[in-house]
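Which chain is which? The protein sequence lines are A and B, in order.
Per our numbering, numbering of the first sequence is gapless, rising by one per residue and ending at 1036.
Per our numbering, numbering of the second sequence is gapless, rising by one per residue and ending at 1036.
The beta carbon of each residue, even a glycine, is placed where N, CA and C say it ideally should be.
For reference, the structure discussed in these notes is given below.
Number of protein chains: 2
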Amino acid sequence: MRSYGQYCAVARALDVVGDRWALLIVRELLLRGSCRYTDLYGGLPGIATNLLAGRLRDLEGAGVVRRVDAPPPVATTVYELTSRGSGLAPVLHALGTWGGDLMAQPQGADEFRSHWLALPISRLTDSTPDGPPVTIEIRTGDQPLIVETVDGNVRARPGIAEHPDAVLVGAPDVVMAVLRGHLDLTEAERRGLRLDGDAAAIQRLRPAPWSEG
Amino acid sequence: MRSYGQYCAVARALDVVGDRWALLIVRELLLRGSCRYTDLYGGLPGIATNLLAGRLRDLEGAGVVRRVDAPPPVATTVYELTSRGSGLAPVLHALGTWGGDLMAQPQGADEFRSHWLALPISRLTDSTPDGPPVTIEIRTGDQPLIVETVDGNVRARPGIAEHPDAVLVGAPDVVMAVLRGHLDLTEAERRGLRLDGDAAAIQRLRPAPWSEG
DNA sequence: CGGCATCCTCTTTGATACTG
DNA sequence: CAGTATCAAAGAGGATGCCG
């Protein structure tokens, strides 16, 4: 990107990550850790492959992304965030919080990848942190997601839960609305959600109060 | 901007404010409140006037910016943020915090407007909130800035202080480094900073601990 | 003047095809 | 798999023109 040529921290930050696709590439690396080129490409539907290659070069040059030659089991180069790149997490959370209101518009023709849910889910809290940890499986996109509570925090990762307290199956926008607390379970079931197991496990997940504004 | 076409809160946020210049327009409106077109244009050196007009249209359509026909004393239309637009403040602060490290590179040929300092300054705290409030005048860009502590918080606004505890005069990058605590006063004076008044007043301004990461 | 709209050139993006 | 090459379309940048 052309520099804005302004001696302002926001402008200088945008000189580095203000390019189209740049922050979404950071999102992918933040959510998935080390990624091969093809993993990134798959998690960024709509990007042109030459642009992905170009942005990775730029971000590497800016010290946001690092290329690593992975050892034999993988035997290819992978991309990961530098610590400088991980420092962009608050930017993505702020954008995600602000953009959350735009998720009420239905999914429409938008692409969806289930691991994208990990970002808003990590902003939830366990409303009963002293209770036993809960495990929820969410099946809603390209792959199932395991959601677990740990010390009041909530994390999501791809995978199939062994003994989940609840399993949630439905369209991404319905699942999202339930997790955001904007849709109660009965209404959600009317909109195609299927819930197996303990509804109370779902109810324990609450938006963190400080992440609202 | 073309939509990313992804059902993800970050992508949807960037559909609205990911365009080049969009977040800097929000920065201007956040820092200066209501603005005439020309004020915005002056605070965004480098932007093309047709782009500014176009972005303002887009942001108005997205509910981020509002046009107001100002009453007689001004007698022109002014732009301001909607509440939705003000909600972008955390995004700008996150970007500014991340970009702050890039401010160590000297100003070079970059343009500078002194009101841009208000954003990082508002992230400072008064390390001695129980002491008497302090007022500092900073003269470093196109116009002087009054910095005041109120209840442990620090605010900046354009203007000339009547009885400042200290006056800081120097190049933007030196002033910035001092405020960020990356340069002590003696070293800063070697780099052209002039300080009149009480050095202790400056020392009371400290980066807020939670805004570091 | 303040507040844009037009016109033109140059750069970036997007879509797809191709290669080691 | 991990990109590069090619090319058309969209967007940005810059100058200038118009209108109350």
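Asked, Found
"Taking contact to mean at least 3 C-beta pairs separated by less than 8 Å, is the region 885-900 of chain A in contact with the region 829-837 of chain A?", "no"
"Just grab the DSSP bridge partners of B/D1019 for me.", "B/V990"
"Going along chain B, which residues have a C-beta under 9 Å from A/L925?", "A832, R835, A836, D838, V839"
"In chain B, which residues lie less than 7 Å from A/A979 when you measure between Cβ atoms?", "Under the 7 Å cutoff, chain B gives no residues; its nearest Cβ is about 14 Å from A/A979."
"Judging by CA-CA distance, which residue of B/W939, B/D974, B/G1020 is the nearest neighbour of B/P952?", "B/D974"
"Return the chain-ordered list of same chain residues with a C-beta closer than 7 Å to the C-beta of B/R1029, the five sequence neighbours on each side being excluded.", "L947, T948, S950, G1004"
"Rounded to the nearest angstrom, what separates B/R915 and A/A917 at their Cα positions?", "Reading off the sequence, residue 915 of chain B comes out as Leu, not Arg. Answer to the nearest angstrom: the Cα atoms are 9 Å apart."
"Looking only at C-alpha atoms, which of A/G964, A/I959, A/Q966 sits nearest to A/T972?", "A/I959"
"Tell me whether A/A1011 is buried or exposed, calling it buried when 16 or more other Cβ atoms sit within 10 Å of its Cβ.", "buried"
"How about A/V992: is its C-beta nearer than 8 Å to some C-beta of chain B?", "no"
"What residues are listed by DSSP as bridge partners for B/Y902?", "B/C858, B/R890"
"Cβ closer than 8 Å: which chain B residues qualify as neighbours of A/T914?", "The sequence shown places Val at residue 914 of chain A, rather than the Thr named in the question. Within chain B, the residues near A/V914 are V914, A917, L918, W921."
"Over what stretch of residues does the beta strand (DSSP E) that includes A/V957 continue unbroken?", "Segment: none, A/V957 is in no beta strand (DSSP E) and carries neither H nor E."
"If you compare alpha carbons, which of B/L875, B/S945, B/M824, B/L968 is closest to B/V849?", "B/L875"
"For A/M999, I'd like the list of residues in its chain whose CB is within less than 8 Å of its CB, leaving aside the five on either flank, ordered along the chain.", "M926, L940, P943"
"For a cutoff of 8 Å on Cβ pairs, would you count A/E851 as touching chain B?", "no"
"Looking at the C-beta of B/E934, does it have a partner C-beta in chain A at a distance below 8 Å?", "yes"
"By a C-beta neighbour count over all protein chains shown, 10 Å radius and 16 as the cutoff for buried, is A/Q966 buried or exposed?", "exposed"
"Taking B/A932 as the reference, which of A/R825, A/Y830, A/M824 has the closest Cα?", "A/Y830"
"I need the straight-line Cα distance from A/A845 to A/G877, nearest angstrom please.", "10 Å"
"Is A/Q966 close to chain B, meaning its C-beta is less than 8 Å from at least one C-beta of that chain?", "no"
"For A/Y827, decide whether its Cβ has a neighbour in chain B, counting only Cβ atoms nearer than 8 Å.", "yes"
"Here's a check: name, in chain order, each residue in its chain whose Cβ is nearer than 7 Å to the Cβ of B/G841, leaving out the five neighbours to either side.", "M824"
"Roughly how many whole angstroms lie between the Cα atoms of B/R1013 and A/Y864?", "51 Å"
"Taking the C-alpha atoms as reference points, what is the distance between B/L1016 and B/Q930?", "15 Å"
"Starting from the C-beta of B/A984, find all residues in its chain whose C-beta is less than 7 Å away, skip the five residues before and the five after it, and write them out in chain order.", "T958, E960, I969"
"Quick one: which residues of the region 941-953 of chain B get their C-beta closer than 8 Å to a C-beta of chain A? List them in chain order.", "L942, P943"
"Excluding the 5 residues preceding and the 5 following B/L852 in the sequence, name in chain order all residues of the same chain whose CB lies nearer than 8 Å to its CB.", "C858, L863, V888, Y902, E903, L904, G908"
"Anyone know if the C-beta pair for B/D988 and B/D1019 falls short of 8 Å?", "no"
"Around the C-beta of B/H986, are 16 or more other C-beta atoms found within 10 angstroms, so that it is buried, or is it exposed?", "exposed"
"How many angstroms separate the CA atom of B/G886 from the CA atom of B/A912?", "15 Å"
"Near A/Y827, which residues of its chain fall below 7 Å by C-beta distance, leaving aside the five closest residues on each side in sequence?", "A834, L837, D838"
"Which residue's Cα is closest to the Cα of B/D924: B/D996, B/R843, B/Q1026, B/A1024?", "B/D996"
"Which class does B/I1025 belong to by DSSP, given the choice of helix, strand or coil?", "helix"
"Starting from the Cα of B/P955, find the closest Cα among B/S937, B/R843, B/N976, B/R936 and give me that residue.", "B/N976"
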